[in-house]
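So the structure is just underneath, and the comments pick up after that.
Number of protein chains: 2
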Amino acid sequence: MKIIHILCYGLGPIGLGIARLLSQRSDMQIVGAVDIDPAKKGRDLGELCGEPASGVIVSNDVAALAARPDVVLHATSSALTKVAPQLESLASAGFNVISTCEELAYPWAPQPDLAASLDRVARANQVTLLGTGVNPGYAMDALPLFLTAPCAQVRAVRVTRVVDAAQRRGPLQQKVGAGLSVEAFAERAKEGSVRHVGLHESLHMLAGSLRWQLDEIDYQIEPVVAQQEIVTPYVQVQPGQAAGVRQVIIGRRGGHEALRLELQMYVGAPDPRDEVEIDGDPPIHMRVQGGIHGDIATAAIVVNAIPTILRANPGLATMMDIGVVHWSNG
Amino acid sequence: MKIIHILCYGLGPIGLGIARLLSQRSDMQIVGAVDIDPAKKGRDLGELCGEPASGVIVSNDVAALAARPDVVLHATSSALTKVAPQLESLASAGFNVISTCEELAYPWAPQPDLAASLDRVARANQVTLLGTGVNPGYAMDALPLFLTAPCAQVRAVRVTRVVDAAQRRGPLQQKVGAGLSVEAFAERAKEGSVRHVGLHESLHMLAGSLRWQLDEIDYQIEPVVAQQEIVTPYVQVQPGQAAGVRQVIIGRRGGHEALRLELQMYVGAPDPRDEVEIDGDPPIHMRVQGGIHGDIATAAIVVNAIPTILRANPGLATMMDIGVVHWSNG
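Protein chains in written order, with the working numbering: chain A, 1 to 330; chain B, 1 to 330.
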């Protein structure tokens with residue numbers, strides 16, 4: 001079996017999670033690591049991961065790398081405008097890229113010009129660009145879409161993801177606004193620092209794939225207010241404070257609620273789950289009990305997508321365009 | 001939008017179900033229909049479907065057709081050795097083929113030489129061959145595999161499909177042996193006329209995709225014996241008679257039960273469902289409540305795979321190799 005050579009680009013929590021997964025695989029090898037953080041430059045990637053030295057020294061300049069990776073795993077930012085120059089330069093160098101950039105999961109509707117430009121660069125260089133992760137990229141879009149495969153007709157798709165943030169890492173509990181006053185939550189939500197990024201991408205990926213033209217999109221973000229005190233190792237939430245966030249996006253066609261995606265992420269959420277209800281022929285009602293645990297899942301889905309992207313057609317791809325991503329022994 | 005031209009090959013219950021679905025779509029058009037049954041030759045396909053005349057006249061000779069379909073939907077037999085010459089001749093004519101032949105869903109392990117030969121012919125003619133259906137092809141293989149996408153590690157996969165045959169068409173109730181004595185059931189099971197075809201294919205698709213070498217495969221088929229009388233519009237089952245079939249296939253690696261697929265199809269089955277349990281990091285426990293209703297689902301999945309196969313690489317493909325199949329408005 002040919003060893004797949006990987007460049008890790010972006011060494012924040014997700015990037016290091018990806019590197020840790022890769023270090024356990026014998027079919028893949030990290031041949032380079034890049035981060036802009038000066039404090040990481042020159043350090044051994046294994047040590048940054050809390051593992052034995054790997055011999056891979058972190059650089060802050062892709063152009064200076066001697067290695068020619070088969071795939072770049074990119075985890076720097078959620079904002080496509082920020083990462084697009086990085087992606088273009090990687091594609092121009094002839095590298096396939098899998099990115100955790102949420103806005104890359106389905107940029108075709110929200111940012112069509114940028115998507116077309118990335119697609120052109122990827123095709124010209126015969127490489128594939130893919131944005132993925134557990135959400136967006138899987139739980140609220142690709143998986144619900146695959147669940148329509150046995151349907152002769154689909155009238156509506158409702159997706160509900162409930163995450164008990166208390167079971168997740170500290171930064172997520174802060175990201176969802178746990179422990180904020182309702183006023184502070186509203187402010188943070190307004191400036192965009194409290195929220196999950198990707199609900200619009202998931203909605204557009206569903207609508208685009210189902211070939212539904214939406215007449216109207218409604219989006220809401222609000223705090224889930226704690227009814228009682230909730231204490232985790234990371235936050236203390238008093239009654240009346242925000243326990244986390246609830247985001248709902250609805251897509252309507254002909255006055256009809258065709259798509260409804262609801263995401264609840266808060267500490268103490270009962271009955272965490274991923275649920276998909278398809279109003280179709282036949283109807284489909286799916287539940288992942290306990291939900292898909294996101295912390296490790298995003299790193300895993302990126303690594304699992306590697307063999308699939310290597311067989312994919314060149315261009316800017318979504319999870320629907322490449323083969324079915326799955327775990328494999330390696 | 002370019003209209004996709006379709007040839008319907010094989011006009012049994014599944015083939016006619018496919019033709020009925022196609023007649024509802026404006027993005028696809030049936031340009032030919034073929035069946036070996038002399039009673040169907042010369043008849044109008046719409047009329048065979050119980051619909052208004054379509055102008056498509058059933059032929060029993062593919063070679064005589066003037067139309068050049070983009071995709072052939074093939075539904076003739078479960079046995080790959082029987083259908084391979086049909087598939088080779090369709091591929092040689094330059095047609096993409098989606099077939100409901102159960103043994104085509106994953107022929108690589110059970111029939112590697114035949115698979116390699118079909119793959120060669122497809123590549124040489126720049127077309128794609130795909131075997132699919134709700135089972136095999138989806139419920140017990142492709143869907144469970146997609147559920148491993150968020151996993152960093154997988155140790156075992158268990159799939160349980162429970163079908164209440166009383167809610168299904170008459171031929172299925174007979175196919176599962178409802179109403180047979182236990183002795184007659186054993187005889188029919190031995191000769192292969194009472195069973196679901198495809199459990200081996202699903203097991204091999206899982207093992208091959210997960211890259212698990214299996215040391216041992218155990219397969220069992222047995223009747224589910226009725227405890228009380230069960231009456232449906234098609235059969236009457238007395239206590240002590242077979243209500244249907246239970247098939248289990250287990251794949252072991254290193255003494256460990258790595259894969260377990262269990263299919264129960266019997267009249268009166270309580271709690272029908274499709275259930276997938278992944279022993280992995282994270283663990284995944286999925287349930288489709290009520291199960292995926294198979295009668296319409298196989299026809300639907302074949303039709304839904306059409307846009308996906310048209311973008312796929314040439315060769316003999318499985319559901320894992322092409323993009324993610326999903327319903328789309330058309």
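Glycine residues also receive a C-beta, built at the ideal position from the N, C-alpha and C atoms. Everything numeric in this text was worked out from a predicted model, so none of it was measured.
Cβ-Cβ distance between residue i and residue j below 8 angstroms
i: A/Leu199; j: A/Arg188; result: no
i: B/Arg155; j: B/Gly280; result: yes
i: A/Gln213; j: A/Arg246; result: no
i: B/Asp27; j: B/Ile3; result: yes
i: A/Pro223; j: A/Val163; result: no
i: A/Ile292; j: A/Ala139; result: yes
i: A/Ala33; j: A/Val56; result: yes
i: A/Trp327; j: B/Ala149; result: yes
i: A/Ile301; j: A/Val325; result: yes
i: A/Gln289; j: B/His285; result: yes
i: A/Asp119; j: A/Leu310; result: no
i: A/Gly251; j: A/Leu259; result: yes
i: B/Ala105; j: B/Thr132; result: yes
i: A/Asn60; j: A/Asp35; result: yes
i: A/Ile296; j: B/Pro282; result: yes
i: A/Val194; j: A/Lys175; result: yes
i: A/Val31; j: A/Pro69; result: yes
i: A/Arg287; j: B/Arg287; result: yes
i: A/Gly12; j: A/Val134; result: no
Nonlocal neighbours in the same chain, by C-beta distance under 7 angstroms from residue i, ignoring five residues either side
i: A/Val237; result: Ala178, Gly179, Ala226, Glu229, Ile230, Ala243, Val267
i: B/Leu14; result: The residue you asked about is not Leu; residue 14 of chain B is Ile in the sequence shown. Excluding residues within five positions, the ones whose Cβ falls inside 7 angstroms are Ala75, Thr100, Thr298, Ala299.
i: A/Gly42; result: Ile57, Val58
i: A/Arg123; result: Pro314, Gly315
Neighbour flag for residue i against chain A, beta carbons, 8 angstroms
i: B/Val154; result: yes
i: B/Ile36; result: no
i: B/Asp119; result: no
i: B/Ala105; result: no
i: B/Leu180; result: no
i: B/Ala122; result: no
i: B/Leu199; result: no
i: B/Leu214; result: no
Other residues of its chain near residue i: CB distance less than 8 angstroms, five sequence neighbours each side excluded
i: A/Met320; result: Ala142, Leu145, Met205, Ser209
i: A/His74; result: Tyr9, Gly10, Val83, Gln86, Leu87, Leu90, Val97, Ile98, Ser99, Thr100, Cys101
i: B/Val303; result: Ile18, Leu21, Leu22, Arg25, Met28, Leu73
i: B/Ala340; result: For chain B, the structure presents residues 1 to 330; residue 340 of chain B sits outside this window and is missing.
Contact list for residue i against chain A, beta-carbon separation under 7 angstroms
i: B/Ser209; result: His326, Ser328
i: B/Leu145; result: Val324, His326
Which residues DSSP lists as bridging residue i, in chain order
i: B/Thr160; result: B/Glu262, B/Glu275
i: B/Ile309; result: Partner(s): none; B/Ile309 has no beta bridge.
i: B/Asp218; result: B/Ile250
i: A/Val34; result: A/Tyr9, A/Ser59
i: A/Ser99; result: A/His74, A/Gly131
i: B/Leu316; result: B/Leu129
i: A/Arg287; result: A/Glu275, B/Arg287
i: B/His256; result: B/Arg253
i: A/Gly244; result: A/Val224, A/Tyr266
is_contact[residue i, chain B] using C-beta, thresh 8 angstroms
i: A/Asn60; result: no
i: A/Ser304; result: According to the sequence displayed, residue 304 of chain A carries Asn and not Ser. So yes, A/Asn304 belongs to the interface.
i: A/Ala109; result: no
i: A/Val134; result: yes
i: A/Met319; result: yes
i: A/Leu259; result: no
i: A/Tyr138; result: yes
i: A/Leu48; result: no
i: A/Leu80; result: no
Close Cβ partners of residue i (< 6 angstroms) along its chain, the five nearest in sequence each way excluded
i: B/Glu102; result: Ser78, Pro136, Val197, Gly198
i: B/Ser89; result: none
i: A/Ala312; result: Thr128, Ile322
i: B/Pro160; result: Note that residue 160 of chain B is Thr in the sequence shown here, rather than Pro. Cβ within range, chain order: Glu262, Glu275.
Listed by chain order, chain B residues near residue i by CB distance under 7 angstroms
i: A/Thr148; result: His326, Trp327
i: A/Ala300; result: Pro150, Cys151, Ala152
i: A/Ala166; result: Those do not exist, as A/Ala166 stays about 16 angstroms from chain B at its closest Cβ, beyond 7 angstroms.
i: A/Ile296; result: Ala152, Asp281, Pro282
i: A/Ala269; result: Here the premise fails: no neighbours, minimum Cβ distance about 17 angstroms.
Proximal chain B residues relative to residue i, where beta-carbon distance stays under 8 angstroms
i: A/Gln289; result: His285, Met286, Arg287
i: A/Leu172; result: None at all; the shortest Cβ gap to chain B is about 15 angstroms.
i: A/Ala116; result: Residues of chain B passing the Cβ test: none, with the nearest at roughly 18 angstroms.
Interface residues of chain A facing residue i [CB-CB closer than 8 angstroms]
i: B/Leu21; result: Ala152
i: B/Ile292; result: Pro150, Pro282, Ile284
Residues that residue i contacts on chain B, provided the C-beta gap is smaller than 9 angstroms
i: A/Ile322; result: Gly323, Val324
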